[in-house]
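Right, one structure below, let's go through it.
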Amino acid sequence: MSIGAPGTLVRMGVLALLWGSGFLWIKLALTGLPPVQVTVVRCALGAAVLLVLSRWAGQRLPRGRRIWGRLLVAAFFCNALPFALFSIGELTVDSGVAGVMNATTPLWSLLIGIGIGTERRLTVVRVGGLVLGFAGILLIFAPWQKSGLLGWGTLALLGAGISYAVAFAYMGRKLVGEGGPIAISAAQLLTATGLSALALPFDAAPAGPLNVTAVLAVVVLGIFGTGVTFYLNYRLIADEGATSAATVGYLLPVVSVALGAIVLGEDLGPRVLAGMAVVLLGVALTRYVRSSASKSISNPSCQPSPSVSRS
1054 MSIGAPGTLV RMGVLALLWG SGFLWIKLAL TGLPPVQVTV VRCALGAAVL
1104 LVLSRWAGQR LPRGRRIWGR LLVAAFFCNA LPFALFSIGE LTVDSGVAGV
1154 MNATTPLWSL LIGIGIGTER RLTVVRVGGL VLGFAGILLI FAPWQKSGLL
1204 GWGTLALLGA GISYAVAFAY MGRKLVGEGG PIAISAAQLL TATGLSALAL
1254 PFDAAPAGPL NVTAVLAVVV LGIFGTGVTF YLNYRLIADE GATSAATVGY
1304 LLPVVSVALG AIVLGEDLGP RVLAGMAVVL LGVALTRYVR SSASKSISNP
1354 SCQPSPSVSR S
């Protein structure tokens, strides 16, 4: 099915809306819940959804210490750590900006590939995209200005993107082809739930008293923004191919920025909007390869930005 077919476009639109709205739900959940609690509930609800779907699909949870050991690493870098860092970051940074920082993952993935020597498809275009992408990040946060956005929240968001990149590199080597993808992701989110729960004693104080908005937001984030989106993305890749799924990734920042402005009244100035455009252009250039056979290693339980191509 072509990417322009109506059915494909509808699936892509729904998936982009659910994924891109995740940053809005995090922001709303933080009005009455601290960051680690948001992470634990999100992982637990997402795991519950995937357990039901994996049983329905006839996929069993993995067995053996080797695979669970690998899932422990993947769950930490792909779920527990970045989910918590996004929640911490959004305590002080707008949800729209958080969505754009999520889209920087391919930049870090390429940089890591260069650093460890696994990236063999370097071109002038891709390196230029890397430079352009990081220039866009600097433009957004403007550390040279007193009114810039650089702070602990910013560093947390950047750390989340780096964590995703580390996870993709690890999972591309250790988890691709290991069992049914829905069951594997269910197991990964179960593991992430346990890892996140270990950090509960160190959680920050909530921004305010527990409220209905916060509870509903974290429930929607866990069920729809974490669990259901995995299944939709899995079906999109299976039915239409990785290209459609990768295209959805470029829509996420657009959705997060739009929802932040409409629902939360977030005001993004011209410099920040220009920086966002530069980041997305840089990301697009880093993903440019001559071969048409590149594959996605996106594990949607990571909530990735534009899918990272296998090297």
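Using our numbering, the first residue of the sequence shown is number 1054, and each one after it goes up by one.
Glycine included, C-beta positions come from ideal geometry on N, C-alpha and C.
These numbers come from a predicted model, not from an experiment.
Start and end residues, alpha helix (DSSP H) containing residue i
i     : result
G1122 : R1118 to A1128
A1270 : V1265 to G1275
T1171 : No alpha helix (DSSP H) contains T1171, which DSSP labels as neither H nor E.
F1255 : Element bounds for F1255: n/a, residue is neither H nor E.
G1099 : P1088 to W1109
L1228 : No alpha helix (DSSP H) holds L1228; DSSP gives it neither H nor E.
S1074 : Per DSSP, S1074 belongs to no alpha helix (DSSP H) and is neither H nor E.
N1155 : S1148 to N1155
R1179 : V1177 to F1194
Residue from the options whose Cα sits closest to the Cα of residue i
i     : options                       : result
P1115 : T1246, T1279, A1236 and R1324 : A1236
E1231 : G1099, A1069, L1124 and V1063 : L1124
A1222 : N1264, I1165 and G1142        : I1165
L1160 : L1144, T1145, G1149 and V1178 : V1178
C1131 : V1153, G1212 and V1281        : G1212
G1066 : T1244, V1219, I1079 and V1308 : V1308
L1274 : F1076, A1069 and R1064        : F1076
A1110 : L1083, A1239, L1134 and D1320 : A1239
Residue i classed as buried or exposed, judged by whether at least 16 other C-beta atoms fall within 10 angstroms
i     : result
R1226 : exposed
D1147 : buried
G1335 : buried
T1207 : buried
W1205 : exposed
L1040 : Limits of the chain in this structure are 1054 at one end and 1364 at the other, which puts residue 1040 out of reach.
W1072 : buried
A1258 : exposed
W1078 : buried
L1305 : buried
R1340 : buried
Through-space distance from residue j to residue i, alpha-carbon basis
i     : j     : result
G1261 : R1119 : 42 angstroms
L1185 : V1332 : 7 angstroms
G1099 : A1314 : 27 angstroms
A1311 : A1220 : 28 angstroms
P1088 : F1136 : 9 angstroms
L1144 : F1194 : 16 angstroms
Any alpha helix (DSSP H) of 4 or more consecutive residues that is wholly inside the stretch 1277-1344: 1282-1293, 1295-1316 and 1323-1339
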